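One structure below.
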Amino acid sequence: ESMKASVVRIPRSNGDLEVILLTPKGLLTEKQHAPLIIWVHAGGYVLGNARDDYLASTLELLHSSNHSSSSAMKNAIWASVEYRLAPEHPYPAASDDVFLALEHLTSKEGLGLGKGGVH
């Protein structure tokens with residue numbers, strides 16, 4: 001396996017937001033400069049979760065590819081956000097959660113990556 005999985009919990013008023021981080025094992029630390037890819041799982045904001053099979057399939061395909069354009073993505077930190085689902089949590093709850101994750105992960109308290117390398 002070429003990625004290390006970890007969970008980040010970001011405080012918010014109605015309970016922590018969970019973000020699954022997948023970091024290339026070659027990075028010495030998550031604070032090292034690396035692109036950050038925010039994965040917003042499929043499901044139209046009403047179904048699915050941060051641990052969906054689409055992310056695993058995408059990463060498997062990516063790491064089996066020898067195409068030069070995939071090297072940046074292979075060396076990226078992937079963040080899969082466990083955003084709140086509708087209709088229990090109406091708009092804009094899901095997008096607010098994704099934005100909160102982005103803000104936290106790019107802050108010094110998060111990964112400290114800055115917004116220049118976010119995709």
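Counting in the UniProt record's numbering, the sequence shown tops out at residue 119, every number present.
Think of the CB as a built atom: it goes at the ideal place given N, C-alpha and C, for glycine as much as any other residue.
These figures come from a predicted structure and were not determined experimentally.
Check: Own chain partners of E30 with C-beta closer than 6 Å, once the 5 adjacent residues on each side are dropped; Outcome: Unreliable positioning characterises E30 in this predicted model, as indicated by a pLDDT of 47, which lies under 50. A coordinate reading is not provided.
Check: Distance, I37 Cα to M3 Cα; Outcome: 14 Å
Check: Whole-number beta carbon distance between L85 and I10, since they are thought to touch under 8 Å; Outcome: I10 to L85, Cβ: 17 Å. No contact.
Check: Residue from A34, P35 and D53 with nearest C-alpha to A42; Outcome: D53
Check: The alpha helix (DSSP H) enclosing D98, as first and last residue numbers; Outcome: Note that residue 98 is Val in the sequence shown here, rather than Asp. Looking at the DSSP string, the run of the alpha helix (DSSP H) that includes V98 is A93 to T106.
Check: Where K74 sits in the DSSP three-state scheme; Outcome: helix
Check: Spatial distance of K25 from N75 (CA atoms); Outcome: 9 Å
Check: Length at least 3, wholly inside the segment 1-66: the beta strand (DSSP E) runs in chain order; Outcome: 3-10, 17-24 and 36-39
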